[in-house]
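What follows is a set of notes on a single structure, which appears directly below.
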Amino acid sequence: MTDLKTIAEILKEAQIGSEMTIRGWVRTKRDSKNVVFININDGSTIHSIQVVADPTQFNEQLLHDINTGAGVAVKGILIASQGSGQAVELTAKEINLYGKADPNEFPLQPKKHSLEFLREIAHLRPRTNTFGAILRVRHALAFAIHKYFNDKGFYYLNTPIITGSDAEGAGEMFRVTTLDAQNPPLTEEGKIDYKQDFFGQETNLTVSGQLEGELGALALGKIYTFGPTFRAENSNTARHLAEFWMIEPEMAFYQLKDNMDLAEDFLKYLIQYAMQNCADELVFLEKRLLDEEKQLANEERAPMALREKLQFIIDNPFKRLTYTEAIDVLLNSKAHKKGKFKFPVEWGIDLQSEHERYLVEKEFKAPVILTNYPKDIKAFYMKQNEDGKTVGAMDVLFPGIGEIIGGSERESDYDKLLQRIEELNINKETIWWYLETRKFGSVPHSGFGLGFERLALFVTGMRNIRDVIPFPRTPKSAKF
RNA sequence: UCCUCAGUAGCUCAGUCGGUUAGAGCAUCUGACUGUUAAUCAGAGGGUCACUGGUUCGAGCCCAGUCUGAGGAGCCA
């Protein structure tokens with residue numbers, strides 16, 4: 009088998025003096041009369057290997073063509089570095105140029121690029137240090153999610169991506185159809201006849217796997233989903249995507265407090281995992297953030313460096329309070345008394361961003377779990393509390409991110425659930441199967457949804473969600 | 001979708017009160033250089049000033065519309 013060791017593996021275990029081949033992409037080249045330095049990165053680690061070549065040993069044109077971006081393989085001997093800045097380097101014996109990168113066309117230069125520019129070249133941005141680091145952190149978090157649930161006896165359930173139901177009863181959906189958009193078949197009333205569509209009914213891309221997730225939990229006990237989710241909202245913010253990944257655990261016999269305990273433990277585990285397994289990436293991202301913040305005024309800078317912030321989350325309990333208590337905190341706050349809030353505060357409102365940020369960033373300076381919201385601002389499936397006014401909802405709010413998790417204990421009483429569905433004019437024909445779970449062996453159960461990219465935003469310290477997913481889909485943008 | 005701001009060289013940006021041939025740094029190219037770290041030094045090339053229309057003797061600059069991007073808001077994960 010070909011020796012295809014990555015740079016990560018070589019830096020970890022290779023012996024000085026041994027011969028090896030590295031393969032990757034040229035980051036920078038520096039040359040002088042007697043020596044050429046080529047930094048090569050293969051994406052396996054943030055670190056590059058410096059190749060040292062004697063220009064008299066190689067074809068002049070070959071060395072000329074090795075520019076930033078070129079794909080190469082270099083065979084040589086690993087030696088202790090003669091210069092400072094790296095422990096080891098590779099003295100080149102053979103250089104194979106797989107693919108040139110014409111410097112007049114290749115857009116990545118050995119200099120700092122704006123994130124906006126890199127978004128326009130999303131096909132090449134993974135080759136930068138920043139996006140390499142982000143994508144490796146993203147992978148580690150995804151792996152940790154599966155590991156966490158597997159270790160705790162959860163089963164990974166694949167819920168449908170094409171659905172006939174609208175899980176939340178709100179939110180625009182992307183239609184899935186094979187009908188001719190120019191000339192669709194019509195019913196006698198002149199409406200589009202979905203009976204002739206591929207599935208014989210109207211179908212959309214999923215906005216949540218929750219309803220199907222509940223079916224799994226009420227059979228397997230504890231399940232989780234981890235898949236793509238689609239929202240056709242015209243949302244233009246640094247926190248929203250039209251296509252994102254969501255983790256939705258759903259647990260039979262869990263009540264609201266069990267749900268909160270799981271959410272907190274889960275988030276802490278994931279952050280801890282990233283700290284342990286992406287140490288180099290986090291050092292780099294922390295430095296990047298500090299450099300970026302040098303341009304900001306002091307009060308706009310983050311109070312803690314990235315790793316300190318992550319450690320703080322791990323070390324401190326999340327602040328838990330009810331919606332009603334949160335409203336009292338807001339009403340008694342200096343910000344409210346001085347009229348600093350743009351939106352009014354009173355029991356029954358849906359909390360605005362400014363209110364959530366006040367609670368998390370000013371009042372408690374820690375993640376906050378809010379529970380027991382008014383039923384009128386939450387979804388139909390949430391457990392109705394005995395006060396008749398609130399439901400067993402829980403939102404986990406993170407500094408700088410806002411709502412990172414939304415969840416609830418589910419209503420398990422058939423009559424109460426049906427009544428709520430009717431109150432809200434939800435078409436019960438399309439979710440008859442969901443109602444049947446409350447008809448046959450209904451038990452208490454709970455679950456929540458974690459936005460994967462919002463977690464990745466928090467852990468990487470990035471500010472725009474479009475920079476923590478390889479190929480972002482947002483309104484007016486589905487390139488690449 | 002709403003509010004605000006922006007769009008000038010490959011990239012990041014400057015461009016005075018509306019006035020002659022639109023500038024800088026980096027990148028690129030050429031040359032120099034005995035070990036560099038986004039190497040350094042010297043020189044050269046590089047522009048549909050987002051687009052469309054308008055005002056004006058004259059528009060990168062003023063006005064209108066459109067497009068694109070960013071920040072904030074709403075929706076939410």
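Counting along the first sequence from 1, when you hit position 434 you're at 442 in our numbering, and nothing is skipped either side. Just so it is clear, CB atoms sit at the ideal spot from N, CA and C, and this is done for glycine as well.
Buried or exposed for A178, going by 16 or more other Cβ atoms inside 10 Å? The pLDDT assigned to A178 is 48, lower than 50, so where the model puts this residue is not dependable, and the model offers no usable value.
I'd like to know if the stretch 78-97 and the stretch 121-140 are in contact, where contact means that at least 3 CB-CB pairs between them fall below 8 Å.
Judged by Cβ distances under 8 Å, the stretch 78-97 makes no contact with the stretch 121-140, as fewer than three pairs qualify.
* **Distance, Y381 Cα to G172 Cα** => Spanning the two alpha carbons is a distance of roughly 28 Å.
| For M283, the residue or residues it bridges with in DSSP | Paired residues: none, contrary to the question.
Problem set entry | Element boundaries [alpha helix (DSSP H), containing F238] | Per DSSP, F238 lies in no alpha helix (DSSP H) segment; the continuous beta strand (DSSP E) that holds it begins and ends at 230-238.
If you measure between the beta carbons of I231 and A225, is that distance less than 7 Å?
In this structure, A225 lies closer than 7 Å to I231 by Cβ.
Q.
Using 7 Å as the threshold, is the C-beta distance between A22 and L86 below it?
A. The criterion of a C-beta distance shorter than 7 Å is satisfied by A22 and L86.
Which same chain residues end up closer than 8 Å to S26 when comparing Cβ atoms and leaving out the 5 residues on each side of it in sequence? Excluding sequence neighbours, S26 sits near I85, L86.
Next item on the list: Sort out for me which residues DSSP pairs E27 with in a bridge.
Entry: Looking at the DSSP assignment, E27 forms a beta bridge with I85.
Check: Within 10 angstroms of its Cβ, does H453 collect 16 or more other Cβ (buried), or is it exposed?
Finding: By the neighbour-count rule (16 or more Cβ atoms within 10 Å), H453 is buried.
field: Coarse secondary structure for Y422, derived from DSSP in three states
entry: Of the three classes helix, strand and coil, the one that applies to Y422 here is helix, per DSSP.
Local Cβ density within 10 Å of Q117, reported as buried at 16 or more and exposed below that
If you draw a 10 Å sphere on the C-beta of Q117, you find fewer than 16 other C-beta atoms in it, and that means exposed.
Check: Are M402 and T438 close, meaning C-beta to C-beta below 7 Å?
Finding: No, Cβ-Cβ distance for M402 and T438 is not below 7 Å.
Just verifying my parser: in three-state terms, what is the DSSP assignment at R462?
The three-state reading of DSSP puts R462 in helix, counting H, G and I together.
Terminal residues of the beta strand (DSSP E) in which A526 lies
Here the chain has residues from 9 to 488 only, and residue 526 is not among them.
May I ask you to verify whether the stretch 46-60 touches the stretch 97-106, counting CB pairs closer than 8 Å and requiring at least 3? With a cut-off of 8 Å, the stretch 97-106 and the stretch 46-60 count as touching, because enough Cβ pairs lie within range.
Item checked: A178 (DSSP reduced to helix, strand or coil) -> Below a pLDDT of 50, predicted positions are generally treated as unreliable, and A178, at 48, falls in that range; the measurement from the model is reported next regardless. A178: coil per DSSP, three-state reduction.
ask   = Which first and last residues belong to the alpha helix (DSSP H) in which S416 is found?
value = Unbroken run through S416 is the beta strand (DSSP E), 410-417; no alpha helix (DSSP H).
- Between R183 and F207, what straight-line distance do the alpha-carbon atoms span, to the nearest angstrom? Looking at the two C-alpha atoms, the distance is approximately 12 Å.
Residue range of the alpha helix (DSSP H) that E128 falls in? Run containing E128: 123-128, per the alpha helix (DSSP H) assignment.
- prompt: Residues in its own chain within less than 8 Å of I409 by CB, not counting five upstream and five downstream?
  reply: The residues are R247, R462, L465, F466.
Exercise. Looking at F234 and L213, is the spacing between their C-beta atoms short of 7 Å?
Worked result: It is not a contact, given that the beta carbons lie outside the stated cut-off.
Continuous alpha helix (DSSP H) stretch holding E256: start and end = Here E256 belongs to no alpha helix (DSSP H); instead the beta strand (DSSP E) covers 251-260.
#### Entry: Option in K327, L298, S420, Q209 with minimal Cα separation from Q263
It is S420 whose Cα lies nearest to the Cα of Q263.
Buried versus exposed, by CB contacts within 10 Å (16 or more), Q218 | Buried, since its Cβ has 16 or more Cβ neighbours within 10 Å.
**Q.** Close Cβ partners of R481 (< 8 Å) along its chain, the five nearest in sequence each way excluded
**A.** Taken in chain order, the residues that qualify are L249, A250, E251.
Please check the pair G415 and G455, which I expect to be a contact at CB under 8 Å, by giving their CB distance rounded to whole angstroms. The pair is a contact, with the Cβ atoms about 6 Å apart (cut-off 8 Å).
**Q.** Nearest-angstrom Cα separation, counted from E417 out to F261
**A.** F261 and E417: Cα-Cα distance of roughly 10 Å.
Between which two residues does the alpha helix (DSSP H) holding G140 run? For G140, the enclosing alpha helix (DSSP H) starts and ends at 137-159.
Note to self: Could you pull the DSSP bridge partners for K391 from this structure?
What the structure shows: Partner(s): none; K391 has no beta bridge.
Is it true that the stretch 278-295 meets the stretch 330-349, where meeting means three or more beta-carbon pairs spaced less than 8 Å apart?
Short answer: they don't touch.
Query raised in the report: If you draw a straight line from the alpha carbon of K487 to that of E180, how long is it in whole angstroms?
Result: If you take the alpha carbons of K487 and E180, they lie about 21 Å apart.
In whole angstroms, what separates the C-alpha of G396 from that of L290? Their Cα atoms are separated by approximately 47 Å.
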